[in-house]
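Chains W and Z, in that order, give the protein sequences.
This note's numbering puts the first residue of the first sequence at 5, with every later residue one more than the last.
This note's numbering puts the first residue of the second sequence at 5, with every later residue one more than the last.
Even glycine gets a Cβ: it sits at the ideal position worked out from N, Cα and C.
This report concerns only the one structure given below.
Protein chains: 2
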Amino acid sequence: MKIGILGYGNLGRGVECAIRQNPDMELVAVFTRRAPESVSILTKDAKVCSVADVEEWKDKIDVMILCGGSATDLPEQTPKYAQMFNVVDSFDTHAKIPEHFEKVDAAAKKSGHVGIISVGWDPGMFSLNRMYANAILPEGKDYTFWGKGVSQGHSDAIRRVEGVKDGKQYTIPVEAALEAVRNGENPELTTRQKHTRECFVVLEEGADPAKVEETIKTMPNYFADYDTTVHFISEDELKEKHSGIPHGGFVIRSGKTGWDQENSHVIEYSLKLDSNPEFTSCVIVAYARAAYRLYQEGQKGCKTVFDIAPAYLSAKDGAQLRKTLL
Amino acid sequence: MKIGILGYGNLGRGVECAIRQNPDMELVAVFTRRAPESVSILTKDAKVCSVADVEEWKDKIDVMILCGGSATDLPEQTPKYAQMFNVVDSFDTHAKIPEHFEKVDAAAKKSGHVGIISVGWDPGMFSLNRMYANAILPEGKDYTFWGKGVSQGHSDAIRRVEGVKDGKQYTIPVEAALEAVRNGENPELTTRQKHTRECFVVLEEGADPAKVEETIKTMPNYFADYDTTVHFISEDELKEKHSGIPHGGFVIRSGKTGWDQENSHVIEYSLKLDSNPEFTSCVIVAYARAAYRLYQEGQKGCKTVFDIAPAYLSAKDGAQLRKTLL
Chain W
5 MKIGILGYGN
15 LGRGVECAIR
25 QNPDMELVAV
35 FTRRAPESVS
45 ILTKDAKVCS
55 VADVEEWKDK
65 IDVMILCGGS
75 ATDLPEQTPK
85 YAQMFNVVDS
95 FDTHAKIPEH
105 FEKVDAAAKK
115 SGHVGIISVG
125 WDPGMFSLNR
135 MYANAILPEG
145 KDYTFWGKGV
155 SQGHSDAIRR
165 VEGVKDGKQY
175 TIPVEAALEA
185 VRNGENPELT
195 TRQKHTRECF
205 VVLEEGADPA
215 KVEETIKTMP
225 NYFADYDTTV
235 HFISEDELKE
245 KHSGIPHGGF
255 VIRSGKTGWD
265 QENSHVIEYS
275 LKLDSNPEFT
285 SCVIVAYARA
295 AYRLYQEGQK
305 GCKTVFDIAP
315 AYLSAKDGAQ
325 LRKTLL
Chain Z
5 MKIGILGYGN
15 LGRGVECAIR
25 QNPDMELVAV
35 FTRRAPESVS
45 ILTKDAKVCS
55 VADVEEWKDK
65 IDVMILCGGS
75 ATDLPEQTPK
85 YAQMFNVVDS
95 FDTHAKIPEH
105 FEKVDAAAKK
115 SGHVGIISVG
125 WDPGMFSLNR
135 MYANAILPEG
145 KDYTFWGKGV
155 SQGHSDAIRR
165 VEGVKDGKQY
175 TIPVEAALEA
185 VRNGENPELT
195 TRQKHTRECF
205 VVLEEGADPA
215 KVEETIKTMP
225 NYFADYDTTV
235 HFISEDELKE
245 KHSGIPHGGF
255 VIRSGKTGWD
265 QENSHVIEYS
275 LKLDSNPEFT
285 SCVIVAYARA
295 AYRLYQEGQK
305 GCKTVFDIAP
315 AYLSAKDGAQ
325 LRKTLL
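Right under this line is the structure:
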């Protein structure tokens, strides 16, 4: 199947790498808002085109993967391009998913295409695991922990503090809280009890470390409700040790069964990722395969990970799957 | 929806308990090969009937849950009852799944019903997680560990040893192997390196413990390839401490991404279950909901967990799921 990528940042590059691992897929073109000649991609046989020319590719691309951001790009792009293509996005503003779904659904139904939204790991694989676990254990309690990993939003917040030249923030789950949940204790956990935040900060020349630390630790919404540690390091050390984008986390449901709820069960799903955007890309590419197949079957409209049978994601057919993985 | 249970052992009782936790379901009848008046069930308003009369219930039951064993019951029962009902089973002889699928598929297609086979946790939720992880990380390696939990087959094997009055066997994953896999080391593991086996044995009067221990530890297929520990305990202690049926395990896939496979990722799914049959029952009941809905949509034939979109398992509708769990 022929894939297009719209937007060539970390996610777009991740999708390009993931396509290379799937022999039934071919990257045909990358669409960018920049001058195409200024963008160099890794795939030899794919073209770099201006997003202005995307409509010319209407019949040459089976699935367009939208790699823009959730804040301003995807709310416009996904409904727009669902008018021309089967699309997959990673829209991750949880509170706005219902609204986004409606818009993409209307556009995709009108054009006869399939649009799969909110694909990745959270939303995405974490959502799937929350859903399966809730369906299996109706009497229970859900927990999601994130990390250890880099939070882009919190790193940005640090970098906006006066006196900070650069910085990186790690979100870290509290081990004791994880253990209590795994033991089926069903604890009620405050924000502070679930995660800690660790910051690595490069100061501007002459900046006051005590003041910077205080400003970070008391920042409402971002840090005030957490136990936060601030480390001051050199620009070289930041580059050397903190330039990766690792992430991960845990989805746990503990529940009771039995006539009098006498037995406990714990379902846990976890991810440990060297590269957040590359893993997200891998999930997206598997769902691009599903979008292609659903479209071939004549389906249309907006779908999420909840609506798609697992087998659609795999390059293997049903008989192979039953024989090797069931 | 109206549910029937065929076979009332540990699994049948587990299904009965699970139905109680799902307000959209009602247990209407339990079918047994024993004399119905000799079987007492927990649900007040449900009937106990002879399996000989099951055909009379053809139009009064939406989904029949088959709770027989995989060795001899289900290979016959599932194709047979798929001629009259939508059915769900927990057929777990992995090597014979393709053959079982074909038979159930033919019967269910002919009668216009839905048959969902091999539902539970392995096969079942473990299979699903193997499949999702394989689709997401095509370049990687799979690991499944079982336990800590009671293996019925190995406990039976112990009880067949001369001089043994009763016994229970626990399968235990080797922590060092789990750690190596979680660290992305992609180890090649022998049978002995993955699991140990721990036996609790009650001796017949006058039996020779050294001989019993030797016989167990050298038993081909069951114990010879493992590091096995044998503890001799009293009948009272066995009853008090080892009468539960806990189980669980881990499905882990580690894989590489990036243009030159420079990044590692680990996906892990694990279960810690107080009661193996009750958890299996919960999964079965969620798939019974799916069977009912697929039948309402006019689908027919045999399905596995791979073929069923997750949303079919949940009592919540699509909009609720997107709002609360995505």
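Buried or exposed by the 16-neighbour rule on C-beta atoms within 10 Å, applied to residue i
i, result
"glutamine 324(Z)", "exposed"
"aspartate 49(Z)", "exposed"
"asparagine 280(Z)", "buried"
"threonine 308(Z)", "buried"
"asparagine 225(Z)", "exposed"
"asparagine 26(Z)", "buried"
"alanine 290(Z)", "buried"
"serine 155(Z)", "buried"
"lysine 260(Z)", "buried"
"threonine 194(W)", "exposed"
"alanine 214(W)", "exposed"
"alanine 39(W)", "exposed"
"threonine 232(Z)", "buried"
"proline 102(W)", "exposed"
"arginine 196(Z)", "exposed"
"glutamate 80(Z)", "exposed"
Separation of residue j from residue i, as counted between CA atoms
i, j, result
"serine 268(Z)", "isoleucine 45(W)", "22 angstroms"
"valine 19(Z)", "lysine 64(W)", "51 angstroms"
"cysteine 21(Z)", "methionine 5(Z)", "16 angstroms"
"glycine 210(Z)", "aspartate 170(Z)", "14 angstroms"
"alanine 106(Z)", "cysteine 306(Z)", "The question names alanine, yet the displayed sequence has glutamate at residue 106(Z). Roughly 8 angstroms separates the two Cα atoms."
"serine 318(Z)", "glutamine 173(Z)", "35 angstroms"
"glycine 157(W)", "phenylalanine 204(W)", "14 angstroms"
"leucine 275(Z)", "valine 43(W)", "46 angstroms"
"alanine 228(Z)", "glycine 252(Z)", "23 angstroms"
"tryptophan 263(Z)", "glycine 167(W)", "37 angstroms"
"valine 52(W)", "valine 34(W)", "5 angstroms"
"arginine 297(Z)", "arginine 24(Z)", "19 angstroms"
"valine 216(W)", "valine 178(W)", "25 angstroms"
"alanine 99(W)", "arginine 164(Z)", "59 angstroms"
"valine 32(Z)", "alanine 161(Z)", "37 angstroms"
"glutamate 183(Z)", "leucine 15(W)", "30 angstroms"
"glycine 188(W)", "glycine 322(Z)", "29 angstroms"
Residue i and residue j closer than 8 angstroms at C-beta
i, j, result
"glycine 144(Z)", "proline 250(Z)", "no"
"alanine 295(W)", "asparagine 90(W)", "yes"
"alanine 180(Z)", "lysine 198(Z)", "no"
"alanine 56(Z)", "proline 83(Z)", "no"
"threonine 200(Z)", "isoleucine 176(Z)", "yes"
"asparagine 190(Z)", "leucine 329(W)", "no"
"aspartate 96(Z)", "serine 131(Z)", "no"
"alanine 86(Z)", "glycine 128(Z)", "no"
"glycine 8(Z)", "methionine 68(Z)", "yes"
"threonine 284(Z)", "tryptophan 125(Z)", "yes"
"serine 122(W)", "serine 159(W)", "no"
"lysine 254(Z)", "methionine 135(Z)", "Checking the displayed sequence, the identity of residue 254(Z) turns out to be phenylalanine instead of lysine. No, the Cβ-Cβ distance between phenylalanine 254(Z) and methionine 135(Z) is not below 8 angstroms."
"leucine 141(W)", "cysteine 286(Z)", "yes"
"histidine 104(Z)", "lysine 304(Z)", "no"
"threonine 36(Z)", "serine 54(Z)", "yes"
"tyrosine 147(Z)", "valine 185(Z)", "yes"
"alanine 292(Z)", "valine 108(Z)", "no"
"valine 270(W)", "serine 238(W)", "no"
"glutamate 272(Z)", "isoleucine 288(Z)", "no"
Chain-ordered chain A contacts of residue i [CB-CB under 9 angstroms]
i, result
"asparagine 26(W)", "Here chain A cannot be found, since the structure's protein chains are W and Z."
Every unbroken beta strand (DSSP E) within the stretch 193-243 of chain Z, with a cutoff of 3 residues, ordered by chain: The stretch 193-243 of chain Z contains these whole beta strand (DSSP E) runs: 199-207 and 231-236.
Give, in chain order, every residue of the stretch 272-287 of chain Z whose Cβ lies closer than 8 angstroms to some Cβ of chain W. Correct list: Glu272, Tyr273, Ser274, Leu275, Lys276, Leu277, Asp278, Ser279, Glu282, Phe283, Ser285, Cys286 and Val287.
Name, going along the chain, the residues of the stretch 255-267 of chain Z whose beta-carbon falls closer than 7 angstroms to a beta-carbon of chain W. Per Cβ criterion, the list reads Thr261, Gly262, Trp263 and Asn267.
Unbroken stretches of the alpha helix (DSSP H), 4 residues or longer, contained in the stretch 68-141 of chain Z: Residue ranges of uninterrupted alpha helix (DSSP H) with 4 or more members, entirely inside the stretch 68-141 of chain Z and ordered along the chain, are 77-85, 101-115 and 129-140.
Can you give, in chain order, each stretch of the alpha helix (DSSP H) that sits fully within the stretch 138-194 of chain W and has at least 4 residues? As far as the stretch 138-194 of chain W is concerned, its whole alpha helix (DSSP H) runs of at least 4 residues are 156-163 and 179-186.
Give me the subset of the stretch 297-318 of chain W whose CB atoms are less than 8 angstroms from a CB atom of chain Z, sorted by chain position. Cβ contacts with chain Z: Thr308, Val309, Phe310, Asp311, Ile312, Ala313, Pro314, Ala315, Leu317 and Ser318.
Under 8 angstroms (Cβ pairs) to chain Z, residues found in the stretch 81-108 of chain W: If the cut-off is 8 angstroms between Cβ atoms, the stretch 81-108 of chain W has His98, Ile101, Pro102 and Phe105 near chain Z.
Continuous alpha helix (DSSP H) assignments of at least 4 residues falling wholly in the stretch 8-38 of chain Z: Listed in chain order, they are 14-24.
Going along the stretch 130-141 of chain Z in order, which residues come within less than 7 angstroms of chain W, judged by CB to CB distance? Correct list: Ser131, Leu132, Arg134, Met135, Tyr136, Asn138, Ala139, Ile140 and Leu141.
Return the chain-ordered ranges of every beta strand (DSSP E) run that is complete within the stretch 235-316 of chain Z and spans a minimum of 3 residues. Counting only runs of 3 or more, we get 251-261, 267-277 and 305-307.
Listed from N- to C-terminal order along the chain, which residues in the stretch 48-79 of chain W have their beta-carbon within a distance smaller than 8 angstroms of any beta-carbon of chain Z? Listed in chain order, the positions of the stretch 48-79 of chain W with a beta carbon within less than 8 angstroms of a beta carbon of chain Z would be empty, since no residue qualifies.
Of all the residues that make up the stretch 146-165 of chain W, which are near chain Z by a beta-carbon distance shorter than 9 angstroms? For the stretch 146-165 of chain W, which is checked against every Cβ of chain Z, the residues closer than 9 angstroms are Asp146.
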